[in-house]
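Peer 1: Following my numbering, the numbering of the sequence shown begins with 41 at its first residue and continues without gaps.
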Amino acid sequence: MKRSTERLLALAMLIVGIACFVKLYAALGGRPPATARLEVFGAAGVLSVLAGLLFLAGLLPAAEHDPPAPLFGRDAGIAPAGHPRLRRAALALPLLALIVIVADQFDPWRTQEPGGEEAEELATAPADPAPRPPEPKPEPEASAKPTTPESSIEPALPAPAQQEAAKPPLPEPVAAPVQPAPTAAPPAESAPPRPAQPAEPVQPTQQTALAPATPPQTVAPPPPAPPAQPTALEGHRDAVVWLAVSADGHQIMSASTDRMIKLWDIDGKRLIRDLGGHKDMARSALFMPDGKTVLTAGDDGEIVLRQLSDGTVLHVFSSGANGGVRQLKISRDGKLAVSGHDTGSVVVWDLGKGAVLHVLPGHDWSVSSVAISPDGTRALTGSIDGELKLWDIVSGKQLRSWLGHERGAYGAVFLADGHHAVTGSGDYTIKLWDLDTFKEVRRFEGHSGTVYALALSADGKRLGSVSLDGTARIWNMDTGGEIAEFDPGTGPMYAVAFAADGTLLTGGIDRAIRDWPAAGGDGTVLFAGAPE
41 MKRSTERLLA
51 LAMLIVGIAC
61 FVKLYAALGG
71 RPPATARLEV
81 FGAAGVLSVL
91 AGLLFLAGLL
101 PAAEHDPPAP
111 LFGRDAGIAP
121 AGHPRLRRAA
131 LALPLLALIV
141 IVADQFDPWR
151 TQEPGGEEAE
161 ELATAPADPA
171 PRPPEPKPEP
181 EASAKPTTPE
191 SSIEPALPAP
201 AQQEAAKPPL
211 PEPVAAPVQP
221 APTAAPPAES
231 APPRPAQPAE
241 PVQPTQQTAL
251 APATPPQTVA
261 PPPPAPPAQP
271 TALEGHRDAV
281 VWLAVSADGH
291 QIMSASTDRM
301 IKLWDIDGKR
311 LIRDLGGHKD
321 MARSALFMPD
331 GKTVLTAGDD
341 GEIVLRQLSD
351 GTVLHVFSSG
361 ANGGVRQLKI
371 SRDGKLAVSG
381 HDTGSVVVWD
391 LGKGAVLHVL
401 PGHDWSVSSV
411 AISPDGTRAL
421 TGSIDGELKL
431 WDIVSGKQLR
441 SWLGHERGAY
451 GAVFLADGHH
461 AVTGSGDYTI
471 KLWDLDTFKE
481 VRRFEGHSGT
491 VYALALSADG
501 KRLGSVSLDG
511 TARIWNMDTG
521 GEIAEFDPGT
531 GPMYAVAFAA
541 DGTLLTGGID
551 RAIRDWPAAG
561 GDGTVLFAGA
571 PE
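1. One question on the structure: do Gly384 and Asp415 come within less than 8 angstroms of each other, judged by their Cβ atoms?
2. In terms of residue numbering, what span does the beta strand (DSSP E) encompassing Leu368 cover?
3. Assuming Pro363 contacts Gly341 (C-beta within less than 8 angstroms), just tell me the rounded distance between them.
4. Which residues in the same chain have their Cβ closer than 6 angstroms to the Cβ of Gly57, if we skip the five residues on either side of it in sequence?
5. Excluding five sequence neighbours on each side, which residues of the same chain lie with their C-beta closer than 6 angstroms to the C-beta of Pro293?
6. Drop a sphere of 10 angstroms on the beta-carbon of Leu428, count the other beta-carbons inside from all chains shown, and report buried for 16 or more, exposed for fewer.
7. Out of Pro329, Asp307, Ala295, Lys332, which has the shortest C-alpha to C-alpha gap to His318?
8. So the beta strand (DSSP E) Ser15 belongs to, where does it begin and stop?
9. Roughly how many angstroms separate the alpha carbons of Val353 and Gly392, rounded to a whole number?
10. Hey, out of Leu545, Gln269, Ser358, Gly560, whose CA is closest to Val281's CA?
11. Can you tell me which of the three DSSP states Phe454 falls into?
12. For Gly569, name the three-state secondary structure that DSSP assigns.
13. Between Pro571, Thr333, Met517, which has its C-alpha nearest Ala456's C-alpha?
14. Excluding the 5 residues flanking Ile523 on each side, which residues of the same chain have their C-beta closer than 6 angstroms to its C-beta?
15. Considering just the uninterrupted stretch of the beta strand (DSSP E) at Lys302, what are its terminal residues?
16. With a cut-off of 8 angstroms on the beta carbons, I'd call Val291 and Asp550 a contact; round off their distance for me.
17. Check the C-beta distance from Ser409 over to Tyr450 and give it rounded, since I have them as a contact under 8 angstroms.
18. Could you tell me the distance, in whole angstroms, from the CA atom of Gly92 to the CA atom of Leu49?
19. Using 8 angstroms for Cβ pairs, my map puts Gly504 next to Leu494. What's the rounded Cβ distance?
20. Within 10 angstroms of the Cβ of Tyr65, are there 16 or more other Cβ atoms? Answer buried if so, exposed if not.
21. So, helix, strand or coil for Arg310, using DSSP?
22. Arg125 to Gly458, Cα distance in whole Å?
23. Just verifying my parser: in three-state terms, what is the DSSP assignment at Ala395?
24. Bridge partners of Asp467, per DSSP?
25. Taking Asp432 as the reference, which of Gly275, Glu446, Val399 has the closest Cα?
26. According to DSSP, what are the bridge partners of Lys63?
27. In three-state DSSP terms, what is Ser44?
28. Which residues does DSSP list as the beta-bridge partners of Met533?
29. Kindly indicate the opening and closing residues of the beta strand (DSSP E) around Lys429.
30. Would you grab the beta carbon distance between Ile306 and Ala539 for me? Rounded to a whole angstrom, and I think it's under 8 angstroms.
31. What are the boundary residues of the beta strand (DSSP E) that includes Thr336?
32. From the DSSP output, read off the bridge partner residues of Ile412.
33. Please return the same chain residues whose Cβ sits closer than 8 angstroms to the Cβ of Val142, not counting the five positions on each side in sequence.
34. Out of Thr477, Gly394, Ala279, Gly308, which has the shortest C-alpha to C-alpha gap to Leu335?
35. Classify Gly317 as helix, strand or coil using the three-state DSSP reduction.
36. Can you find a heavy atom of the ligand ATP that lies under 7 angstroms from the Cβ of Gly82?
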């Protein structure tokens, strides 16, 4: 009878151990547990299987009580005492593991987990323009992350040929529909829709927060329609997601979900030229310190060095299976670049040698922000799960990792001292961090939507922010107070920069680039978007 009981206990423990391994396998396959770390399931599975084997082998007998061991005589010295404490521990471990498995299986907050493109990134990031005819795809790359991406020279084409080849057909206008917000998650806002492509799932449009039901209003007239926005044939055909101002303050470079990179003359208020495009959504466009070249990146996984004078492609860095480039920054001396990718990888590039310096696979989710310290030795990266990481980009070592925000971290910017940085977030806050103690120093609150991009004024005293709530704001860096708020009423904003005269430049879903006075007030459309 006792032997049968031992075998039943052993069988139960082996089943619990196998269940732990199944959960661990599922987590490694892309579905992380909601209530426990991977190490918990691994350790619980090993210990449960080990305990089951010990019970099966009869190595953990219970103390003999029936019949009771004699207190005197020769038999008292040989009565089996068992291993009661070890036996109880072996019985308790599988039971605890079973409780963790059940709690994880029925955890009600699992829907809040970020997952590739299905959670925070979908709820905040701008996506590609309206559907187009399918385009030829390059040869598929290996699904596993490479240790180093490829860097290759791409033959230069004449500028007009490049621009003509890069221009997509004019997209149809698409309105972002209202969708219900996910369970127990803060409301999200509208973003440009993304087309269905063979290489990735269709990304849904942004949803807006649902207002509580109210009785019908029959007295007041309906609100007037928003005024028509100006358009220009040379403007962007879709949302503006990046703005950069040249060192002399006379030019602006913009990137858009229409895949194009454009160069604008601020003083003359005109388009200078199209600098070319990417095969997928353009994300970043940076002026190089030499004043003659620019570096652009996009969801196609390419980082392209272009000639500023005519857009000629000088060099193409391919990130390989590290995926699309979500954020790109360069050091002040122009020697290094750091890119954050949708696979979670962070890649450090030696721009002088045209080669990879480090691949840092540190984030579990898509990288949503990158910043490089003024001395060019460290980088701060954030991902769509709110995790922040500080790196030594010279040695390729991680210095610190911490959960900085409840939702995705966006728009990271270093302060001039190199010891502080600010980050925006999907939790609607902006935080100032001390990178020596890794503690929050100050919080800027006021936005009612994801803070998507940040910019620091030249003197470091003001911070500009744009949000998916449709507003732009200027903040006092010393006090955290709001200096000005701008609301054009045109929907989510994705790009921000300070002009040389201190005014704030913004870009958003309305395709226009706007200029806002530093002290507050009405803005002007500096460069209008293309007609719909």
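Where a beta carbon is used, it is the ideal one built from N, C-alpha and C, also for glycine.
Peer 2: In this structure, then:
1. As a position in the sequence shown, residue 384 is number 344, starting the count at 1. As a position in the sequence shown, residue 415 is number 375, starting the count at 1. Result no, Cβ atoms of Gly384 and Asp415 do not sit closer than 8 angstroms.
2. To locate residue 368, count along the sequence shown from 1; it is residue 328. Run containing Leu368: 365 to 370, per the beta strand (DSSP E) assignment.
3. The residue you call residue 363 lines up with position 323 of the sequence shown. The residue you call residue 341 lines up with position 301 of the sequence shown. Correcting the residue identity first, residue 363 is Gly in this sequence and not Pro. About 6 angstroms separates the Cβ atoms of Gly363 and Gly341, confirming a contact at the 8 angstroms cut-off.
4. The residue you call residue 57 lines up with position 17 of the sequence shown. Correct list, in chain order: Gly85, Ser88, Val89.
5. Within the sequence shown, residue 293 is the residue found at index 253, counting from 1. Pro is not the amino acid found at residue 293; the sequence shown has Met there. Once the five neighbours on either side are set aside, the close Cβ partners of Met293 are Ala284, Leu303, Ala325.
6. Here residue 428 is taken as the residue at index 388 of the sequence shown, counted from 1. By the 10 Å Cβ count, Leu428 comes out buried.
7. As a position in the sequence shown, residue 318 is number 278, starting the count at 1. From the listed residues Pro329, Asp307, Ala295, Lys332, the smallest Cα separation to His318 is found for Ala295.
8. Residue 15 is absent from the model: the chain starts at 41 and stops at 572.
9. On the sequence shown, residue 353 is found 313 positions in, with the first residue counted as 1. On the sequence shown, residue 392 is found 352 positions in, with the first residue counted as 1. In a straight line, the C-alpha of Val353 is about 16 angstroms away from that of Gly392.
10. The count along the sequence shown starts at 1 and reaches residue 281 at position 241. Taking only the C-alpha atoms, the option nearest Val281 is Leu545.
11. For the purposes of this step, residue 454 is taken as residue 414 along the sequence shown, with counting starting at 1. Strand, per DSSP.
12. Stepping through the sequence shown from its first residue, residue 569 is reached at position 529. Strand at Gly569.
13. As a first step, residue 456 must be located in the sequence shown, where it is residue number 416. Nearest option by C-alpha distance: Met517.
14. Position 483 of the sequence shown holds residue 523. Within the same chain, Ile523 has close Cβ partners Ile514, Asn516.
15. For the purposes of this step, residue 302 is identified with residue 262 of the sequence shown, where counting begins at 1. Taken as a continuous stretch (DSSP letters only), the beta strand (DSSP E) holding Lys302 covers 300 to 305.
16. Numbered from 1 along the sequence shown, position 251 holds the residue referred to as residue 291. Numbered from 1 along the sequence shown, position 510 holds the residue referred to as residue 550. Inspection of the sequence shows that residue 291 is occupied by Gln rather than by Val. No, Gln291 and Asp550 are not in contact; Cβ-Cβ is about 22 angstroms, not under 8 angstroms.
17. Along the sequence shown, read from residue 1 onward, the residue named residue 409 stands at position 369. Along the sequence shown, read from residue 1 onward, the residue named residue 450 stands at position 410. Contact flag correct, Cβ pair sits at about 5 angstroms.
18. Here residue 92 is taken as the residue at index 52 of the sequence shown, counted from 1. Here residue 49 is taken as the residue at index 9 of the sequence shown, counted from 1. Going by the C-alpha atoms only, they are around 7 angstroms apart.
19. Position 464 of the sequence shown, counted from the first residue, corresponds to residue 504. Position 454 of the sequence shown, counted from the first residue, corresponds to residue 494. Taking the Cβ atoms as the reference, Gly504 lies roughly 7 angstroms from Leu494, within the contact range of under 8 angstroms.
20. Your numbering for residue 65 matches position 25 in the sequence shown. Flag for Tyr65 reads exposed.
21. In the sequence shown, residue 310 corresponds to position 270, counting from 1. Strand.
22. Translated into positions along the sequence shown, residue 125 becomes position 85. Translated into positions along the sequence shown, residue 458 becomes position 418. Cα to Cα, the separation comes out at about 55 angstroms.
23. Along the sequence shown, read from residue 1 onward, the residue named residue 395 stands at position 355. Residue state, collapsed to three classes: strand.
24. Within the sequence shown, residue 467 is the residue found at index 427, counting from 1. Per DSSP, none; premise fails for Asp467.
25. Counting from one through the sequence shown, the residue named residue 432 turns up at place 392. Of the listed residues, the one whose Cα sits closest to Asp432 is Val399.
26. Against the sequence shown, residue 63 aligns to sequence position 23. DSSP, once it has assigned bridges, lists no residue as partnering Lys63.
27. Your numbering for residue 44 matches position 4 in the sequence shown. Here Ser44 sits in helix by DSSP.
28. Stepping through the sequence shown from its first residue, residue 533 is reached at position 493. DSSP, once it has assigned bridges, lists Gly548 as partnering Met533.
29. Working through the sequence shown from its first residue, we reach residue 429 at position 389. From DSSP, the beta strand (DSSP E) with Lys429 extends over 427 to 432.
30. Residue numbering aside, residue 306 sits at position 266 when the sequence shown is read from its first letter. Residue numbering aside, residue 539 sits at position 499 when the sequence shown is read from its first letter. Beta-carbon to beta-carbon, Ile306 and Ala539 are separated by about 7 angstroms, close enough to satisfy the 8 angstroms threshold.
31. By one-based count along the sequence shown, residue 336 stands at place 296. Element bounds for Thr336: 333 to 338.
32. Numbered from 1 along the sequence shown, position 372 holds the residue referred to as residue 412. Per DSSP, Ala419.
33. Within the sequence shown, the letter at position 102 stands for residue 142. Answer for Val142: no residue qualifies.
34. Numbered from 1 along the sequence shown, position 295 holds the residue referred to as residue 335. Of the candidates Thr477, Gly394, Ala279, Gly308, the one whose C-alpha sits nearest the C-alpha of Leu335 is Gly394.
35. If you number the sequence shown from 1, residue 317 lands on position 277. Strand at Gly317.
36. As for the ligand ATP, it is missing from this structure, which has no ligand bound.
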